[in-house]
Amino acid sequence: MKKKNTRTFLTQHEIEQLVIQANKGQNQERNLCMLLLCYFHGLRVSELRGMKLSDFDMKGKILYVRRLKNGLSSSHPLCPRVFRALQTWLTVREKQARFRTSIYLFPSIRGIMLSRQTIYLMIQRFGQMANLDINVHPHMLRHACGYELANKGMDTRLIQDYLGHRNISHTVRYTASNPERFRNIRW
Numbered sequence: 001m002k003k004k005n006t007r008t009f010l011t012q013h014e015i016e017q018l019v020i021q022a023n024k025g026q027n028q029e030r031n032l033c034m035l036l037l038c039y040f041h042g043l044r045v046s047e048l049r050g051m052k053l054s055d056f057d058m059k060g061k062i063l064y065v066r067r068l069k070n071g072l073s074s075s076h077p078l079c080p081r082v083f084r085a086l087q088t089w090l091t092v093r094e095k096q097a098r099f100r101t102s103i104y105l106f107p108s109i110r111g112i113m114l115s116r117q118t119i120y121l122m123i124q125r126f127g128q129m130a131n132l133d134i135n136v137h138p139h140m141l142r143h144a145c146g147y148e149l150a151n152k153g154m155d156t157r158l159i160q161d162y163l164g165h166r167n168i169s170h171t172v173r174y175t176a177s178n179p180e181r182f183r184n185i186r187w
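As numbered in full-length UniProt numbering, the sequence shown has no gaps in its residue numbers, which increase by one up to the final residue, 187.
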């Protein structure tokens, strides 16, 4: 049996492979929206499952992120890709009579929050379907967000605020591994 990689984040290519899988099968609009929100906004599973319709300003294209684990909540602009996925999901969601009375963005069939296990199994299944050589779990999307921000040259404080870390020591892992931070050093 092939040993799975123990890396804790996903690469850009791996994220896109998950996106391809999210666009297949049942609930694809919901699944894609969940995946993109987790990745682009560095959400924890509990933050995702607790999202409410009232957390979105669709006119202003703003998401209010209620951070858990004593994190700092903030407002994030929605990038066009996430905004389109959200609009598509909300259109599908509105057509489902059983969802209309729920306050949650991603309600279960009973109108309550989806379980952590449902989300975990969904992301894990996408990784398997994409034949990734890594055990994929939802928190890898949060880490991928942090590493991608660092790779884009964002400073540690901005990443700290974006991910809602109170303590910067939780954030430095993303910037410490980025060799691009040394690019402008002249000898």
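All C-beta atoms in this analysis are idealised placements derived from N, C-alpha and C, irrespective of residue type, glycine included.
Endpoints, the alpha helix (DSSP H) within which residue i is located
i, result
"Ile103", "Careful: Ile103 lies outside any alpha helix (DSSP H) and carries neither H nor E."
"Val172", "172 to 176"
"Asn23", "Unbroken run through Asn23: none, as it is neither H nor E."
"Thr156", "156 to 163"
"Ala144", "139 to 151"
"Ser46", "45 to 49"
"Arg125", "116 to 129"
Endpoints, beta strand (DSSP E) assigned at residue i
i, result
"Pro80", "It is not in any beta strand (DSSP E) - Pro80 instead sits in the alpha helix (DSSP H) that spans 80 to 94."
"Ala62", "This sequence places Ile at residue 62; Ala is not what is there. Element bounds for Ile62: 62 to 65."
"His76", "74 to 77"
Residue-level contact to chain C via CB, residue i, 8 Å cutoff
i, result
"Leu53", "Note that chain C does not occur in the displayed structure, where there is just one protein chain."
Residue i versus residue j: straight-line alpha-carbon distance, rounded
i, j, result
"Tyr39", "Val45", "11 Å"
"Ser83", "Met34", "Note that residue 83 is Phe in the sequence shown here, rather than Ser. One C-alpha to the other measures close to 12 Å."
"Tyr120", "Ile185", "42 Å"
"Gln26", "Thr156", "39 Å"
"Lys2", "His13", "Residue placement at Lys2 cannot be trusted, given a pLDDT of 49 that sits under 50; the coordinates are not used to answer."
"Leu90", "Trp187", "54 Å"
"Gln96", "Lys152", "39 Å"
"Ile69", "Gly164", "The sequence given here has Lys at residue 69, not Ile. Approximately 9 Å, taken between the alpha carbons."
"Leu114", "Arg49", "6 Å"
"Leu53", "Asn31", "16 Å"
"Tyr162", "Ile168", "12 Å"
"Thr8", "Glu29", "26 Å"
"Ile112", "His137", "22 Å"
"Ile159", "Thr6", "24 Å"
"Thr118", "Cys79", "26 Å"
Of the residues the options, the one placed nearest residue i, counting alpha carbons only
i, options, result
"Gly71", "Glu29, His143, His170", "His170"
"Arg110", "Arg100, Arg116, His165", "Arg100"
"Met51", "Leu86, Pro80, Ala22", "Leu86"
"Arg173", "Gly153, Arg166, His143", "His143"
"Arg116", "Glu47, Gly164, Leu141", "Glu47"
"Leu10", "Arg49, Gly164, Gly42", "Gly42"
"Thr88", "Asn23, Arg166, Ser108, Asn135", "Asn23"
"Met154", "Thr175, Arg166, Ile134", "Thr175"
Nearest-angstrom Cβ-Cβ length linking residue i and residue j, presumed shorter than 8 Å
i, j, result
"Leu36", "Arg81", "6 Å"
Cβ contact check for the stretch 137 to 156 and the stretch 57 to 73: 3 or more pairs under 8 Å = no
Does the stretch 62 to 77 come within contact of the stretch 120 to 137, defined as at least 3 CB pairs closer than 8 Å?
no
Inspect the CB distances between the stretch 63 to 73 and the stretch 97 to 112 and report whether three or more fall short of 8 Å. no
Original post:
Hey, is the stretch 12 to 28 in contact with the stretch 128 to 136, meaning 3+ C-beta pairs nearer than 8 Å?
Top reply: yes
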